[in-house]
Amino acid sequence: MSFDIPDDRRYQDSHEWALETEPETETNADGRIRIGISDFAQDELGDVVFVELPDEGEDIQQGTEFGVIESIKAVSDLYAPVSGEVVAVNDDLFDAPELVNDDPFGDGWMLEVDAADADELDALLSADEYEAQVA
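Quick note, the working numbering runs 698 ahead of the 1-based positions in the sequence shown.
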């Protein structure tokens, strides 16, 4: 089976992705990062029925749990691909969690964070590396 794996983002072994949406600025030295789960992850989960995410203003740490996703098959923890302050949460997911299934790289995004250390992106898998992992 083939999965969509956009090459404009980085991936974590636990199937979360990170995309730099804004470059470094004076007020945010390490840029803004959007976070979601991969096409592979949403396929494995099945129909998503609930998403629990942190509140804006909370800090998340790379590699630690930041939320929970529940499907008709399983409940899974979500792990932060980068550290930073949560500056946006996709509130649409609370009323329409199926967006994660329908468009995991677009409307199904989960969080945006002001990155604490943009170098953390370099520690994540490239699209090719992630594709080799899920193939």
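We treat Cβ as the ideally placed atom computed from N, Cα and C, and that holds for glycine.
For Phe748, the beta-bridge partners assigned by DSSP are Glu768. Separation of Asp775 and Ile767 (C-alpha to C-alpha, rounded to the nearest whole angstrom) is 6 Å.
Counting along the chain, the unbroken beta strand (DSSP E) around Asp775 starts and ends at Val773 to Tyr777. Straight through space, the alpha carbons of Ile770 and Arg732 are spaced by roughly 26 Å. Shortest Cα-Cα distance from Val811 to any of Asn799, Asp820, Gln710 and Glu783 involves Glu783. Sequence-distant partners of Pro752 (beyond 5 residues in either direction) whose C-beta falls short of 8 Å from its own C-beta, in its chain, are Ile758, Phe764, Gly765, Val784, Val787 and Leu809. Per DSSP, the beta-bridge partners of Leu809 are Ile733 and Val787.
Each residue's CA atom was taken as its position, placing Glu827 and Glu718 some 18 Å apart.
Taking all protein chains shown into account, Gly734 has 16 or more neighbouring C-beta atoms within 10 Å of its C-beta and is therefore buried. Contact check between the segment 733–749 and the segment 701–720: three or more CB pairs, one atom from each, fall below 8 Å, which counts as touching. Look at the beta carbons and you see the segment 739–748 touching the segment 791–800: at least three pairs across the two are nearer than 8 Å.
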